[in-house]
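**Q** Just passing along the structure, written as structure tokens.
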Amino acid sequence: MTQVSNLLLGGVFHAAALFLVAAGLQLVFGVQKILNLACGSFYALGAYAGISAVKAALAAGVPAPLFLVVLIGAGLALGVLGPPIERLLRTIYDRDEAFQLLLTFALVLMLEDVIRFVWGAAPYQLGGVYLVYGQVRLGAVSIPVYNFVVIGAGLAVAAGMGFVLARTRFGRIVRATAENRGMAEALGVDMARVSSRVFTLGLVLGTVGGALVIPAGAAVNEMGIELIVEAFAVVVIGGLGSMRGALVGAVIVGVLKAVAIAVYPEAEMLAIYVIVIGVLLFRPAGLFARAAA
Amino acid sequence: MTRLLALAGVLAAVAAVPFSGRDYYATLMLPFFAYSVALLGLNLLFGTTGLLSFGHALFVAVGGYTAAFLASALQIRSLEAMLLAAVTVAAIVALPVGWLCVRYVKIYFGMLTLAFGMLFYSFLYKFYALTGGDEGIPIGRPSLLGRGFGELDKTTYLIGPYYYYSLALAVVATLVMWRIVRSPLGLSLRAIRENADKAEYVGVRVRRYRFYAFVLAAVFGAAGGVLLVVPTGLAAPPLAYWTHSGNLVFMLLLGGFGHFFGPALGAFVFIFLQDQVMSVTEYWRFVFGAVLAAVVIFLPHGLMGVLTRRADA
Chain S
1 MTQVSNLLLG GVFHAAALFL VAAGLQLVFG VQKILNLACG SFYALGAYAG ISAVKAALAA
61 GVPAPLFLVV LIGAGLALGV LGPPIERLLR TIYDRDEAFQ LLLTFALVLM LEDVIRFVWG
121 AAPYQLGGVY LVYGQVRLGA VSIPVYNFVV IGAGLAVAAG MGFVLARTRF GRIVRATAEN
181 RGMAEALGVD MARVSSRVFT LGLVLGTVGG ALVIPAGAAV NEMGIELIVE AFAVVVIGGL
241 GSMRGALVGA VIVGVLKAVA IAVYPEAEML AIYVIVIGVL LFRPAGLFAR AAA
Chain G
294 MTRLLALAGV LAAVAAVPFS GRDYYATLML PFFAYSVALL GLNLLFGTTG LLSFGHALFV
354 AVGGYTAAFL ASALQIRSLE AMLLAAVTVA AIVALPVGWL CVRYVKIYFG MLTLAFGMLF
414 YSFLYKFYAL TGGDEGIPIG RPSLLGRGFG ELDKTTYLIG PYYYYSLALA VVATLVMWRI
474 VRSPLGLSLR AIRENADKAE YVGVRVRRYR FYAFVLAAVF GAAGGVLLVV PTGLAAPPLA
534 YWTHSGNLVF MLLLGGFGHF FGPALGAFVF IFLQDQVMSV TEYWRFVFGA VLAAVVIFLP
594 HGLMGVLTRR ADA
């Protein structure tokens, strides 16, 4: 029993980060209609920057329990990259999807080397803060409190995004733009500004996601291009453009991966792709897609 | 006529490379032949039919692994047998995969092909007994048309008999593809690309023709995959990774997918540019990302678009 709950918690922990990245992917796809391959690279960037920021903060005498704030701050600070990257993408909004996909692939290649240049090729680790908040005993296993913090943060972001999209003026504009870009523009929406903000928000979701998970592991060069595949699985399962779909998809992928690793390690990624292909076969638009998404 | 002459000139120049005495550049031509063949397939799918696959590396890997498996597990040395087996296996794999994928178009097609590619990647990576896991499967020197060339050292073999074998295969593959693109099938595929609804309306069975294109693309991809693994002597999982598919699409766009010879030009420039950039900096991905971004934004018709515009003007 404890083993099962331990397994599920591990899966949900991974799902929380996955949700953040996938939510960014969905948001950008909804408004800009671009499938952003680089969202995994944002995640990796957030992870590396988060480690550096926490190390610098600890060296400067910031008390260890505040590292969570530093991590989130580092993720948010990377938001400055949003507007210039969006400006680059803006040149091809009216082109074929193939070009859009390839331009984000170009970003993947470039960001991978930016990370290699700044932080090197060796794994980069943030030791010593993971257990600062202590552990909870659950029967025979103990689980770091930090895992719950990340899961809570993921849920909080989900709720916050839901609120922003459903209730605020900005959210209404975003939804209107996703629905019908031309009409929204005709009604006076400043498309350049909305695109820039939405893209930055999507980027920050990815960087914060990367920053949040990193105390539990090590940052490696390939983490971005590996995560993008999982994020794709999430949005295919959940349905392109759907926030609720991202949440459910992330939980499915996260838990499935954890279970597969425990039960039959060979099937780790295999299990995820089988689900993806199954969903595409029986619910081609995903579990939560709106019509004509 | 001028085009034919230009083509003959290029072919003669390519055939003369091994005599230049610069063996290193001759070995760089080997992946060029391999990618040219693989990209013929990808271009049939994208340039002709309008379906962007982000999983073409799947079939390149199927080809490479089939050849390596034949060499290592079954002790088969004949390259012809390897090619035959590779294209057969690729076609068999492409039947269910293509049947599923061609139900979708645009971004969904891209995502689904990527998912299948990664499915195969994790299969290669995890099923150690069959695929060698992360170490892959080594492939020894295959015999060409029944001759082993055991008396030659590795480089002489590669830039000698193997070079011309690859070149000949690339030429044959190009001729076959030329014929396909100009057949009624090719015409139907182009009609589908331009307007699938209208094509359906005038009697083109859209899904079936897309499926044919998919299987043909897989066959060319696998043949390219065989040519690709022989010089490196190894079939390894990165062959199937999604970034490899991304690089294939990169080459296609770099050369220009609207032109029949665009993909070959793209492969050539990609390989030699990569070689040059890597000798200057280890951060070649950054340079390539910048090049790709520039091509996407400023040269949507690729290098071939630039060349032919000059020629037409």
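Each protein sequence line maps, in turn, to chains S and G.
Using my numbering, you'd call the opening residue of the first sequence number 1 and step up by one each time.
Using my numbering, you'd call the opening residue of the second sequence number 294 and step up by one each time.
Here a beta-carbon is modelled for each residue, glycine too, at the ideal position from N, C-alpha and C.
1. Give me the subset of the stretch 248-275 of chain S whose CB atoms are less than 8 Å from a CB atom of chain G, sorted by chain position.
2. Can you find a C-beta in chain G that's less than 8 Å from the C-beta of Met110 of chain S?
3. Hey, how far is the Cα of Thr295 of chain G from the Cα of Thr467 of chain G?
4. Looking at C-beta atoms only, is the number of pairs between the stretch 360-379 of chain G and the stretch 560-576 of chain G that lie closer than 8 Å three or more?
5. Name the two residues that bound the continuous alpha helix (DSSP H) containing Pro144 of chain S.
6. Please classify Ala59 of chain S: does DSSP put it in a helix, a strand, or coil?
7. Arg400 of chain G to Gly206 of chain S, Cα distance in whole Å?
8. Along chain S, in chain order, which residues have C-beta atoms closer than 7 Å to that of Val589 of chain G?
9. Using a cut-off of 8 Å between C-beta atoms, extract the partners of Trp471 of chain G located in chain S.
10. Who are Ser436 of chain G's beta bridge partners in DSSP?
11. Enumerate in chain order the residues of its own chain whose CB-to-CB distance from Leu351 of chain G is below 7 Å, with the five nearest sequence positions on each side excluded.
12. Return no unless some Cβ of chain G is closer than 8 Å to the Cβ of Pro83 of chain S.
13. Indicate whether at least one CB of chain S lies closer than 8 Å to the CB of Pro593 of chain G.
14. Any idea if Ala291 of chain S is buried or exposed, counting beta-carbon neighbours within 10 angstroms, 16 or more meaning buried?
15. Starting from the beta carbon of Thr536 of chain G, find every residue of chain S whose beta carbon is closer than 7 Å, and list them in chain order.
16. So, for Ala293 of chain S: in the same chain, excluding its five sequence neighbours on each side, which residues have a beta-carbon less than 8 Å away from its beta-carbon?
17. Let me check understanding here. Comparing Cα to Cα, which of S:Ala59, S:Met110, S:Thr168 lies closest to Ala44 of chain S?
18. So what's Val276 of chain S in DSSP terms, helix, strand or just coil?
19. Taking 8 Å as the threshold, find out whether the stretch 98-107 of chain S comes into contact with the stretch 535-554 of chain G through three or more Cβ pairs.
20. Residues in the stretch 275-287 of chain S with C-beta within 8 Å of chain G's C-beta atoms, listed in sequence order?
21. Using a C-beta cutoff of 8 Å, does Phe232 of chain S count as contacting chain G?
22. Taking 6 Å as the limit between beta carbons, can you name the residues of its chain near Gly555 of chain G, skipping five residues before and five after?
23. Just to check my reading of the structure: Gly82 of chain S and Val259 of chain S have Cβ atoms closer than 8 Å, yes? What is that Cβ distance to the nearest angstrom?
24. In or out: Asp113 of chain S buried (at least 16 other Cβ within 10 Å) or exposed?
25. Which first and last residues belong to the beta strand (DSSP E) in which Leu138 of chain S is found?
26. Looking at chain S, which residues of the stretch 444-473 of chain G have a Cβ within less than 8 Å of any of its Cβ atoms?
27. Could you tell me the alpha carbon to alpha carbon distance between Arg500 of chain G and Phe553 of chain G, rounded to whole angstroms?
28. Can you pull the chain S residues whose beta carbon is under 8 Å from the beta carbon of Arg440 of chain G, in chain order?
29. Anything in the stretch 402-418 of chain G with a Cβ closer than 7 Å to a Cβ of chain S? List those residues in chain order, please.
30. From this set, G:Gly433, G:Trp535, G:Pro531, G:Tyr455, which residue's C-alpha is nearest Leu367 of chain G's C-alpha?
31. Residues of chain G with CB under 9 Å from Leu88 of chain S, in chain order?
32. So what does DSSP say about Ala292 of chain S, is it helix, strand or coil?
33. Report the three-state DSSP secondary structure of Leu126 of chain S (helix, strand or coil).
34. Can you name the residues of chain S whose CB is closer than 7 Å to the CB of Phe507 of chain G?
35. So if DSSP puts Ile430 of chain G in a beta bridge, which residue, or which two residues, is it bridged to?
**A** The structure says:
1. Listed by position, the residues of the stretch 248-275 of chain S near chain G (Cβ gap below 8 Å) are Pro265, Glu266, Ala267, Glu268, Met269, Leu270, Tyr273, Val274.
2. As a working note, residue 110 of chain S is residue 110 in the first sequence. Yes, its Cβ sits closer than 8 Å to a Cβ of chain G.
3. To locate residue 295 of chain G, count along the second sequence from 1; it is residue 2. To locate residue 467 of chain G, count along the second sequence from 1; it is residue 174. Those two C-alpha atoms are separated by around 19 Å.
4. no
5. For the purposes of this step, residue 144 of chain S is identified with residue 144 of the first sequence, where counting begins at 1. Careful: Pro144 of chain S lies outside any alpha helix (DSSP H), inside the beta strand (DSSP E) at 141-144.
6. Position 59 of the first sequence holds residue 59 of chain S. In the structure shown, Ala59 of chain S sits in a helix (DSSP, three-state: H, G or I).
7. Stepping through the second sequence from its first residue, residue 400 of chain G is reached at position 107. Stepping through the first sequence from its first residue, residue 206 of chain S is reached at position 206. Sequence check: residue 400 of chain G is Ile here, not Arg. Near 21 Å, if we compare the C-alpha coordinates of Gly206 of chain S and Ile400 of chain G.
8. Residue 589 of chain G sits at position 296 when you count from the first residue of the second sequence. Within 7 Å Cβ-Cβ: Ile92, Phe99, Leu102, Leu103, Ala106.
9. Numbered from its first residue, the second sequence carries residue 471 of chain G at position 178. Taking the beta carbon of Trp471 of chain G as reference, no residue of chain S falls within 8 Å; the closest one sits roughly 23 Å away.
10. Position 143 of the second sequence holds residue 436 of chain G. Ser436 of chain G pairs with G:Ser371.
11. Counted from its first residue, the second sequence places residue 351 of chain G at position 58. If we look at Leu351 of chain G and ignore the five residues flanking it on each side, its Cβ neighbours are Phe409, Gly410, Phe413, Ala533.
12. Indexing the first sequence from 1 puts residue 83 of chain S at position 83. It does not: the Cβ of Pro83 of chain S has no partner Cβ on chain G nearer than 8 Å.
13. Here residue 593 of chain G refers to the residue found at position 300 of the second sequence. It does: the Cβ of Pro593 of chain G has a partner Cβ on chain S nearer than 8 Å.
14. Position 291 of the first sequence, counted from the start, is the residue given in the question as residue 291 of chain S. Per-residue confidence for Ala291 of chain S stands at a pLDDT of 41, beneath the threshold of 50, marking its modelled position as unreliable; no derived number is given.
15. Numbered from 1 along the second sequence, position 243 holds the residue referred to as residue 536 of chain G. Those are Ile225, listed as they occur along chain S.
16. Walking along the first sequence from the start, residue 293 of chain S turns up at place 293. Legend: pLDDT at Ala293 of chain S = 36, less than 50; position of this residue unreliable, no value from coordinates given.
17. Locating residue 44 of chain S in the first sequence gives position 44, counting from the first residue. That would be S:Met110, whose Cα lies nearest to the Cα of Ala44 of chain S.
18. For the purposes of this step, residue 276 of chain S is taken as residue 276 along the first sequence, with counting starting at 1. If DSSP states are grouped into helix, strand and coil, Val276 of chain S belongs with the helices.
19. yes
20. Val276, Ile277, Leu280, Leu281, Pro284
21. Reading the first sequence from its first residue, position 232 is the one you call residue 232 of chain S. Yes - at least one Cβ of chain G is within 8 Å of the one on Phe232 of chain S.
22. Position 262 of the second sequence, counted from the first residue, corresponds to residue 555 of chain G. These residues qualify, in order along the chain: Gly548, Gly549, Gly595, Met597.
23. Taking the first sequence and counting its residues from 1, the one referred to as residue 82 of chain S is at position 82. Taking the first sequence and counting its residues from 1, the one referred to as residue 259 of chain S is at position 259. Rounded, the Cβ-Cβ distance is 35 Å, inconsistent with contact.
24. For the purposes of this step, residue 113 of chain S is taken as residue 113 along the first sequence, with counting starting at 1. Asp113 of chain S should be labelled buried.
25. For this step, residue 138 of chain S is matched to residue 138 along the first sequence. Residues 135-138.
26. none
27. The residue given as residue 500 of chain G occupies position 207 in the second sequence. The residue given as residue 553 of chain G occupies position 260 in the second sequence. Using only the alpha carbons, I get a separation of about 23 Å.
28. Numbered from 1 along the second sequence, position 147 holds the residue referred to as residue 440 of chain G. Per Cβ cutoff of 8 Å: no residues; Arg440 of chain G is ~41 Å from chain S at best.
29. Within the stretch 402-418 of chain G, the residues whose Cβ lies closer than 7 Å to some Cβ of chain S are Gly403, Met404, Leu405, Leu407, Ala408, Met411, Leu412, Ser415, Phe416, listed in chain order.
30. Your numbering for residue 367 of chain G matches position 74 in the second sequence. Answer by Cα proximity: G:Gly433.
31. In the first sequence, counting from the first residue as 1, residue 88 of chain S sits at position 88. Residues of chain G passing the Cβ test: Ala586, Ile590.
32. Here residue 292 of chain S refers to the residue found at position 292 when the first sequence is read from its first residue. The pLDDT assigned to Ala292 of chain S is 39, lower than 50, so where the model puts this residue is not dependable; a value taken from the coordinates is nonetheless given after this. Reduced to three states, the DSSP call for Ala292 of chain S is coil.
33. By 1-based counting over the first sequence, the position of residue 126 of chain S is 126. Coil, per DSSP.
34. On the second sequence, position 214 is the one that residue 507 of chain G refers to. Those do not exist, as Phe507 of chain G stays about 15 Å from chain S at its closest Cβ, beyond 7 Å.
35. Reading the second sequence from its first residue, position 137 is the one you call residue 430 of chain G. DSSP lists G:Ala528 as partners of Ile430 of chain G.
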